[in-house]
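Below you'll find the structure, written out as structure tokens, and then a few comments.
Protein chains: 2
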Amino acid sequence: MIYELYYWPSIQGRGEFVRLALEEGAAQYVDVARESGKGLGISAVMRMLNGRSDTPPFAPPILKAGRLLIGQTANILQFLGPRLELAPKSEAGRLWTHQLQLTMADFVVEIHDTHHPIAGSLYYEDQKHEARRRAAEFSKHRLPKFLAYFEKVLTQNGGGKRYMVGTQLTTVDLSMFQVIAGLNYAFPTAMRKAARRIPRLLALHARIPDRPRVAAYLASPRRIAFNAEGIFRHYPELDAR
Amino acid sequence: MIYELYYWPSIQGRGEFVRLALEEGAAQYVDVARESGKGLGISAVMRMLNGRSDTPPFAPPILKAGRLLIGQTANILQFLGPRLELAPKSEAGRLWTHQLQLTMADFVVEIHDTHHPIAGSLYYEDQKHEARRRAAEFSKHRLPKFLAYFEKVLTQNGGGKRYMVGTQLTTVDLSMFQVIAGLNYAFPTAMRKAARRIPRLLALHARIPDRPRVAAYLASPRRIAFNAEGIFRHYPELDAR
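Taken in order, these protein sequences are the chains called A and B. According to the working numbering, the first sequence holds residues 1 to 241 in order. According to the working numbering, the second sequence holds residues 1001 to 1241 in order.
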């Protein structure tokens, strides 16, 4: 099976959670918008969004797996997890994995909305004032709350403190790595303040890039750098104090 | 199996998507915070949130099903769907159902944030100015976009235009009913403007309360009324024009 990932070519965005799973899972895949040629490129993503299908997607990322077209990041990861040996075997374990993935998705919305509190369709510059206020509340309340929660999950994991779920790597660990990496980039000051309280999360974040496949991916041109278009943006004025 | 639902007792909120599935599915359940007695009441929800568990939830709603503790609304509905005969049988059908459920969850966040664009921890009165701006963008762009999408889903459903997925009622139809009901309450002006373009969604919304179990539920004291504490709030200044 060669998977096709439909996502914007110039940002990590939500597609990155899927890319990390595909890479660590050694899946064969095409990052459609980042290739050129027939049926490739960004126009292929647009066609996918505007096409007529029984199961039309609302937004990228979209994964094509044979005849299946799957949307919503957490849904894609739930689908890929067992196929790439990145999910627990039991139903209870999978429900829990997915629950964490969804809680991380909620966190990601809040991270994004620090720079777009009014509308995604407006420029940051047009909502800078509101962004400052939202980011201050975020750094003070939401960031510490979410991080403390995920630290608790690691601490209380019956399978040990090396992984978020059980005794083996899952998509949740890869996604958690991405969230911490993004927060370190976007909110270095807030993260420095939080560090003391999240030793296990930081250790997890430091460990993931030691995995050979992740390391190879991060060093490759396939890994897009953080930038001022994605979810995680470093605007110093939003990381004040 | 007697399910236990842990959710706030005075709002519909995200718990309502679960309540509607439990009711239509004729499940036996206890709405824990709305009952009094030993192990019941709102203190039971707080204990659940602060308790020590291998799978600690971040926030309600939480469903207890035997030994399983399941968080995240869409995750709960994905779990309940097959058990309450409110999900398709095939894997493809279930992935699609869940994808729609997650897209609806995204929509619900945006609906909520119209009145809380800065922080959930602040009063509406303290973010009224920003709320006005966000709600205007929402009514103009996001509300029509999401509704047009769900109308398209109904229109393109290979199983007919009566249900969102396939040829039978799923949790997605019940949730869609709730979203339309909430929007009619919160944004009557914007919904009047949108009506012409979403005939099938409105027909679905009108049909769901004809189902005997839903009808019994909606007429019962178990159904909490819309109010100014939940996701869907009617602030006339946010529904202007």
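Every residue, glycine too, gets a C-beta built ideally from N, C-alpha and C. These figures come from a predicted structure and were not determined experimentally.
Checking contacts by CB at 8 Å: is residue i closer than that to chain B?
i        : result
A/TYR149 : yes
A/ILE198 : no
A/HIS141 : yes
A/LYS152 : yes
A/LEU68  : yes
A/GLU125 : no
A/GLU130 : yes
A/GLY160 : no
A/VAL109 : yes
Residue i by DSSP, collapsed to three states: which one?
i         : result
B/TYR1029 : strand
A/ILE70   : strand
A/ALA206  : helix
A/TYR123  : coil
B/ILE1111 : helix
B/VAL1165 : coil
B/ASN1227 : coil
A/LEU80   : helix
B/GLN955  : Because chain B spans 1001 through 1241 in this model, residue 955 of chain B falls outside it and cannot be assessed.
B/LEU1086 : coil
B/ASP1239 : coil
A/GLY159  : coil
A/GLU130  : helix
Under 8 Å, Cβ to Cβ, is there at least one residue of chain A near residue i?
i         : result
B/TRP1008 : no
B/ARG1133 : yes
B/PRO1117 : yes
B/THR1167 : no
B/LEU1084 : no
B/GLY1071 : yes
B/PHE1079 : yes
B/SER1036 : no
B/ALA1074 : yes
B/GLY1230 : no
B/GLU1137 : yes
Hey, could you find the ends of the beta strand (DSSP E) residue i is sitting in?
i       : result
A/GLU4  : 2–6
A/ILE62 : 62–65
If I follow the unbroken alpha helix (DSSP H) through residue i, where does it start and stop?
i         : result
A/ILE198  : Per DSSP, A/ILE198 belongs to no alpha helix (DSSP H) and is neither H nor E.
A/PRO212  : 212–219
B/SER1139 : Neither: B/SER1139 is in no alpha helix (DSSP H) and is coded neither H nor E.
B/ILE963  : Only positions 1001 to 1241 of chain B appear in this structure, which leaves residue 963 of chain B out of reach.
B/GLN1156 : 1143–1156
B/ILE1118 : Per DSSP, B/ILE1118 belongs to no alpha helix (DSSP H) and is neither H nor E.
B/ASP1173 : 1171–1186
B/LEU1246 : The shown model of chain B, from 1001 to 1241, leaves out residue 1246 of chain B, and the question about it has no answer.
### Message
Against chain A, which members of the segment 1042–1059 of chain B pass a CB distance test of less than 9 Å?
### Response
ARG1052, SER1053, ASP1054, THR1055, PRO1056, PRO1057, PHE1058, ALA1059
### Query
What residues from the segment 1191–1223 of chain B come within 9 Å of chain A, judged by C-beta to C-beta, listed N to C?
none
#### Entry: Residues in the segment 1084–1106 of chain B having any Cβ partner in chain A nearer than 7 Å
ALA1092, LEU1095, TRP1096, HIS1098, GLN1099, LEU1102, THR1103
#### Entry: Against chain A: residues of the segment 1172–1190 of chain B by CB proximity under 8 Å
none
### Task
For the segment 1002–1028 of chain B, enumerate the residues whose C-beta is nearer than 9 Å to any C-beta of chain A, in chain order.
none
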